[in-house]
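Visitor: Structure incoming, see below.
Numbering (this note's numbering), first residue to last: 0 to 312.
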């Protein structure tokens, strides 16, 4: 199929999915620039290293196995999931140490962005190389856009979620969580690829992906509900500070009634949300990282007090 048609078919669905996932994060939405950076890593960096390392392993496998059918199955079901999930996740191991990586929702968003970027470029290659009828090409576009690329997003999002659990856990077993996340990502990937390897298993793969997508959305919603409970719990006790310092009520409705500018309301909610997350993170961290969070707590408290003093009548 033509490059332009393939490009549109590959890019448009992934951008729409990316916006959807980004907007799902309603309490502390990540900067779009950072999300796009992860998307681009998936689209360029992970693709490059994925092709490189997969080629090396495939060549090594060819030395020991000559049967083309077995080689194809090993490449599809074992090598591709192993290599691709590692290279996609490698960027997350850098991200999760950053201060802005706050919770499981962030892991789902950043991991999902990487997977969507990877799926976009992979789809572009598939769409361009497909030389059958137009109706068959449309079928491939639909299947790969709805399932294959989404599988990449969910797999890497799973790693992101487990990295978030690792970051804010004080249990001795926390070091095993990233390994569990990567293994699950590889299993998701291998299961989908295996289902596409045989005609009689394709329907099983589609059913598997439907349940995987539903599970992802349920976990995302659960993470958001937990964030809401966390915010409410961590802000208890802060009310007295703001009343004493700013001589104003901490009640959200009262503040929104008084503050007319939407940008100031947004800034207020941003500060309050970050304060709640930093309090939680300080409780679940240690050492230098804990000290950074404690400094942030005082910073956001002072910002909230300043905002209330200057924008409430």
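Every residue gets a Cβ at the ideal spot worked out from N, C-alpha and C, and that includes glycine.
Bear in mind the structure is a predicted one, so any value in this text is a computation, not a measurement.
Identify whether residue 316 lies in helix, strand or coil by the three-state DSSP scheme.
Guide: Absent from the structure is residue 316, since the part of the chain shown begins at 0 and ends at 312.
Visitor: Looking at the secondary structure, which residues open and close the alpha helix (DSSP H) in which residue 316 lies?
Guide: A question about residue 316 goes unanswered here, because the residues of the chain that appear run from 0 up to 312.
Visitor: Please report the straight-line C-alpha distance between residue 132 and residue 233, rounded to a whole angstrom.
Guide: So the alpha carbons of these two residues sit roughly 58 Å apart.
Visitor: Below 8 Å on the Cβ atoms is my guess for residue 114 versus residue 156; work out the distance and round it to an integer in Å.
Guide: Contact flag correct, Cβ pair sits at about 6 Å.
Visitor: Is residue 242 helix, strand or coil by DSSP?
Guide: Any reading at residue 242 needs caution, since the residue's pLDDT is 46, under 50, leaving its predicted position unreliable; the model's value is listed next. DSSP places residue 242 in helix when its eight states are reduced to three.
Visitor: Would you mind stating whether residue 10 and residue 45 have Cβ atoms separated by less than 8 Å?
Guide: No; because the gap between Cβ atoms is not below 8 Å, this pair is not in contact.
Visitor: What's the C-alpha gap between residue 273 and residue 235?
Guide: Going by the C-alpha atoms only, they are around 14 Å apart.
Visitor: State yes or no: is the C-beta of residue 2 within less than 8 Å of the C-beta of residue 127?
Guide: Contact flag set, yes.
Visitor: What's the call for residue 175, buried or exposed, on a 16-neighbour Cβ count within 10 Å?
Guide: Looking at its Cβ environment, which holds fewer than 16 other Cβ atoms inside 10 Å, residue 175 is exposed.
Visitor: Is the beta carbon of residue 80 closer than 8 Å to that of residue 185?
Guide: Yes.
Visitor: Measure the C-alpha to C-alpha separation of residue 158 and residue 39 and round it to an integer number of angstroms.
Guide: Rounded to the nearest angstrom, the two C-alpha atoms are 18 Å apart.
Visitor: Would you report the Cα separation of residue 43 and residue 35, rounded to the nearest angstrom?
Guide: Their backbone Cα atoms lie some 12 Å apart in a straight line.
Visitor: Which whole runs of the alpha helix (DSSP H) in the region 53-126 are 4 residues long or more, in chain order?
Guide: Fully enclosed alpha helix (DSSP H) runs of 4 or longer: 67-73 and 79-94.
Visitor: For residue 336, does the three-state DSSP call read helix, strand or coil?
Guide: Here the chain covers residues 0 to 312 and nothing more, so residue 336 does not appear.
Visitor: Look at the alpha carbon of residue 198 and the alpha carbon of residue 290, and state the distance between them as a whole number of angstroms.
Guide: About 56 Å.
Visitor: Drop a sphere of 10 angstroms on the beta-carbon of residue 99, count the other beta-carbons inside from all chains shown, and report buried for 16 or more, exposed for fewer.
Guide: It is exposed - the Cβ of residue 99 has fewer than 16 other Cβ atoms within 10 Å.
Visitor: Does the beta-carbon of residue 243 have 16 or more other beta-carbons within 10 angstroms, so that it is buried, or is it exposed?
Guide: Caution is warranted here: a pLDDT of 47 is assigned to residue 243, below 50, making its placement in the model unreliable, and the coordinate value is therefore given only provisionally. That one is exposed.
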